[in-house]
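Taking my numbering, I'd label the letters of the sequence shown as residues 70 to 441. The block underneath contains the structure these notes are about, expressed in structure tokens.
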Amino acid sequence: MSQFVPVNQPLLNGKEREYLIQCIDTGWISSEGPFVRQFEEQFAARIGRSYGVAVSNGSVALDTAVVALGIGPGDEVIMPTFTIISCAAAVIRAGAIPVVIDCDPVTWNMNVGQIEERITPRTKAIMVVHIFGLPVDMAPLLSLAREYGLKVIEDAAEMHGQTYNGQSCGSFGDISTFSFYSNKHITTGEGGMIVTTDPALAEKCRSLRNLCFKPEQRFVHEELGWNFRMSNLQAALGVAQLERLDEFVRIKRSMGARYTELLAGTPGIQIPLARTEFAENIYWVYGLVLDDIKCFDAKEAMTRLGKLGIGTRPFFWPMHEQPVLRKMGLFSGESHPVAERIARRGFYIPSGMALTDEQIERSAAAVQEILR
Ligand SMILES: Cc1ncc(COP(=O)(O)O)c(C=O)c1O
């Protein structure tokens, strides 16, 4: 049998090795090393923001962003229900309340049309999350935020190199965050970044990520922070990966185009939208949603694909259906049918940067086989 096709494999064949050796040769392996600042500056510049604050992953980037904005007990933050738990967790850990809305059945992004009806006097921010490769429609969201005086936290974890009407994703929020987990367009293994144009916010994030040490009296603390620092080793990978971001976006787009060529018109599944009026898909992952006429769900599809040697992952499970959040008394009686449906019928197939043409063809053929 031919080899298993993993759902993700990064490409680390640029200058990663050279820069890592520099870290080892110089002894700079902690967060004090020079690659950290270089990565922050170059990444922020690429996104079109003045400041970058590197952290240990995309989840804690959100924790830091929420606290830096001063969101706290009693505040509400509107976000999509179809997202990763990190979004709701950051809001809850700050003592605030996540308020969720449904997603669009075609782009899988938050349904911006549902935001206004959920705004209350307690609403402090909208957390916008771009899902799977296409950006959220930012113009109406930003105009609502302006009208109601709300902050925008932009979770661009999956969006390196993507744009909305030509402007970089991650440049729209008062504060925006990225992840560099190994399945992202650029990776540091584990890692994250906060970007902003506000110097005070950037400074606040730097302090929060570094235990809120006081510059003048190091071990005396006025506030509680975290150790969320990124190491020089991670940043060395980040600098090397960033050099190739355009190439990586091209690779992912050609992967998406090839899958679409092979799978378009296959009865029984919905494939990702290649483009919207604002952007061309960058295919963080190539998601599929089984039609309702299929008598099996995503779980069964993934089992069948696994038996054919194809790696898969399920879609996100909606926030309003999370046992841990329901136990806290959140989202009682809420239903968001689009997210509920795609969570049960959606999954993604191998989408890593190192995927070969042959692996794409085998994965697509396996999808067609289980749908026959
Ligand atoms: C939309 C979104 N936000 C946040 C995260 C969290 O990032 P990390 O895995 O680096 O903590 C992810 C991870 O995939 C994500 O997809």
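Backbone N, C-alpha and C define an ideal beta-carbon position, used for all residues, glycine too.
Could you tell me which residues DSSP puts in a beta bridge with residue i?
i    : result
Q339 : V358
E223 : V197 and S245
C172 : M179
M262 : A123 and F247
V146 : P167 and A194
P383 : F416
D233 : Looking at the sequence shown, residue 233 is not Asp but Tyr. Beta-bridge pairing links Y233 to Q236.
V74  : I379
L203 : I200
E349 : R344
R298 : V124
L279 : Checking the sequence shown, residue 279 turns out to be Asn, not Leu. Its beta-bridge partners are N296.
Excluding the five sequence neighbours on either side, which residues of its own chain have a C-beta within less than 6 Å of the C-beta of residue i, listed in chain order?
i    : result
G242 : V221, I222 and E223
V354 : F201, Y417 and S420
D173 : N180
Q107 : V308
V436 : none
Q339 : V358
I166 : E145
T266 : R118 and S119
T273 : The sequence as given places Lys at residue 273; Thr does not occur at that position. Excluding sequence neighbours, K273 sits near A137.
R327 : I429
H290 : C281
Mind checking whether the beta-carbon of residue i lies closer than 6 Å to any heavy atom of ligand 1?
i    : result
A423 : no
Y417 : no
V354 : no
A226 : yes
Y328 : no
I255 : no
S251 : no
I153 : yes
S125 : no
S128 : yes
V198 : yes
S248 : yes
G102 : no
G261 : yes
Looking only at its chain, what residues have a beta carbon closer than 7 Å to the beta carbon of residue i, apart from the 5 residues adjacent to it on each side?
i    : result
H389 : T150, V169, F400, E403 and H405
F347 : P204, D206, Y233 and N234
K84  : A309 and E312
G380 : F73, V74, P75, V76 and P419
S251 : N77, P79 and G258
C156 : L131, M148, M196, V198 and D224
L277 : T133, V136, A137, G294 and W295
F297 : V124, S125, V129, T133 and R278
W97  : P103 and N301
Q391 : I154
T176 : L203, L342 and T345
R187 : I147, V168 and I170
V318 : G230, H254 and I351
C50  : This structure gives no information on residue 50, because the portion of the chain shown stretches from 70 to 441.
R191 : G143, D144 and E145
T189 : E145
Ordered along the chain, which non-local residues of its own chain (more than five positions away) have a Cβ less than 8 Å from that of residue i?
i    : result
P387 : T150, F151, V169, H405, A408, E409 and A412
I439 : A370, R373, L374 and L377
R431 : S71, V74, G378 and I379
L89  : L302, A305 and L306
C92  : I98, G102, F104, N301, L302 and A305
I140 : V146, V160, A163, A165, K193, A194 and K220
M324 : Y352, Y355, S420, L424 and I429
M397 : I161
Tell me, to the nearest whole angstrom, how far the beta carbon of residue i is from that of residue j; I am working on the premise that it is less than 8 Å.
i    : j    : result
V264 : A113 : 5 Å
L246 : A130 : Going by the sequence as given, residue 246 is Thr instead of Leu. With 8 Å as the limit, T246 and A130 qualify as a contact, their Cβ atoms being about 4 Å apart.
G261 : N279 : Not confirmed; about 14 Å, so no contact.
R344 : S240 : Contact doesn't hold; Cβ gap of about 20 Å is too wide.
M299 : S100 : 6 Å
L357 : D366 : Incorrect: roughly 12 Å between the Cβ atoms, too far for contact.
R322 : E349 : 7 Å
I362 : G337 : 7 Å
E110 : G121 : 7 Å
L314 : R441 : So it is not a contact: roughly 39 Å between Cβ atoms.
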